[in-house]
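Number 70 in full-length UniProt numbering belongs to position 70 of the sequence shown; there are no gaps in the numbering.
Idealized CB from N, CA, C, for every residue including glycine.
All values reported here derive from a predicted model rather than from experimental measurement.
First comes the structure, then the notes that go with it.
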Amino acid sequence: MATMYDVPADDLIEALAEDLDGRLDEPDWSQFSKTGVDRELPPEQEDFWATRAASLLRKVSDRGPIGVERLSTEYGGGKSGSNRYRVAPDQRTDGSRNVIRTILQQLEEEDLVETAEGEGRRITPEGQSLLDDTAGNVLEELDRPELERYA
Numbered sequence: 001m002a003t004m005y006d007v008p009a010d011d012l013i014e015a016l017a018e019d020l021d022g023r024l025d026e027p028d029w030s031q032f033s034k035t036g037v038d039r040e041l042p043p044e045q046e047d048f049w050a051t052r053a054a055s056l057l058r059k060v061s062d063r064g065p066i067g068v069e070r071l072s073t074e075y076g077g078g079k080s081g082s083n084r085y086r087v088a089p090d091q092r093t094d095g096s097r098n099v100i101r102t103i104l105q106q107l108e109e110e111d112l113v114e115t116a117e118g119e120g121r122r123i124t125p126e127g128q129s130l131l132d133d134t135a136g137n138v139l140e141e142l143d144r145p146e147l148e149r150y151a
């Protein structure tokens, strides 16, 4: 049986996003909100909400229990410290906690993630089986010779 570690992360996230697209509702405000202070515009992807949810589900499974604060650090970036009048180094900024928290709450409603008191969020058995089943399907569909040893 294949696990999420047996397939490339980008292929797994893409397949998970297709599955989660119909299960999660994107809020109305998400099309106007940025994903972090370091961004200039909101995301332009059509399936951004499902892709971020799939990525969050994978990260919670890999690093869980993990909290919103740590996840926002993972999705952060560098904010330019320079402007027209002075030159300064880039500063590290966090990603949007509201986007992450809302997606995690939706994943909790789907019983894919649960809250561990005082520790953050961790994946449920249903969420782990969804990841493993999706990884198995992705592994079968991949046409990459270097991954044949995992099949």
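- Annotation for A54: I13, L16, A17 and L20 place their beta carbon closer than 6 Å to its own, counting only its chain and skipping 5 residues before and after.
- Residue range A9 to L20 is occupied by the alpha helix (DSSP H) that includes A9.
- Under the three-state reduction of DSSP, G64 is assigned to coil, being neither helix nor strand.
- In the pairwise beta carbon analysis, the region 98-108 is classified as touching the region 55-70: at least three pairs are separated by under 8 Å.
- Counting the other CB atoms within 10 Å of its CB gives S129 a total below 16, which places it among the exposed residues.
- Every alpha helix (DSSP H) stretch that sits fully inside the UniProt region "Disordered" (112-151) and reaches 4 residues is listed by chain position as 125-141.
- Comparing alpha-carbon positions, the option among L142, G118, D62 and K79 lying closest to D38 turns out to be K79.
- C-alpha of E108 to C-alpha of R121: approximately 9 Å in a straight line.
- The count of Cβ pairs closer than 8 Å, one atom from the region 130-139 and one from the region 2-9, reaches three, so the stretches are in contact.
- Of the candidates D62, P89 and A88, D62 places its Cα closest to the Cα of V113.
- Secondary structure at R39: coil, using DSSP grouped into helix, strand and coil.
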